[in-house]
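Asks:
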Amino acid sequence: MTLREVSWRLSASEISTTVKEKLRLRAARDGRSMEAEIRAILTIAVTDDAPRTDLFSALTERFAQLDGAKFDLPPRTTPPRAASLPER
Numbered sequence: 001m002t003l004r005e006v007s008w009r010l011s012a013s014e015i016s017t018t019v020k021e022k023l024r025l026r027a028a029r030d031g032r033s034m035e036a037e038i039r040a041i042l043t044i045a046v047t048d049d050a051p052r053t054d055l056f057s058a059l060t061e062r063f064a065q066l067d068g069a070k071f072d073l074p075p076r077t078t079p080p081r082a083a084s085l086p087e088r
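In the UniProt record's numbering, the protein residues as written are 1 to 88.
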């Protein structure tokens, strides 16, 4: 099956018109045809082998590059407690 056939099947399938419209807009923004945009999205999706990092690790690494912020935190004198949130 060629990419053109895949593209046609995508437009003819049960993908929502909202998704198709967003794909069209994304392709226009990137200066590509919808077919080229689909190819780029699929290529990125299957070639991104970079390990995923959680938010805390990403922020820690980012600020470490900036020499971070170093705080001397005093020892905790009271035990931690759960937040008190209103009932809904």
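All C-beta atoms in this analysis are idealised placements derived from N, C-alpha and C, irrespective of residue type, glycine included.
1) Counting along the chain, where does the alpha helix (DSSP H) carrying I44 start and finish?
2) Looking at A40: is its Cβ nearer than 7 Å to the Cβ of M34?
3) Closest by CA to L66, which one among I38, A58 and A36?
4) Around the Cβ of E37, are there at least 16 other Cβ atoms within 10 angstroms (buried) or fewer (exposed)?
5) With DSSP as the reference, label A64 as helix, strand or coil.
6) Going by DSSP, what residue range makes up the alpha helix (DSSP H) through L23?
Replies: Considering the structure as presented:
1) M34 to T47
2) no
3) A58
4) The C-beta of E37 has 16 or more other C-beta atoms within 10 Å across all chains shown, which makes the residue buried.
5) Here DSSP, grouped into helix, strand and coil, assigns A64 to helix.
6) T17 to R29
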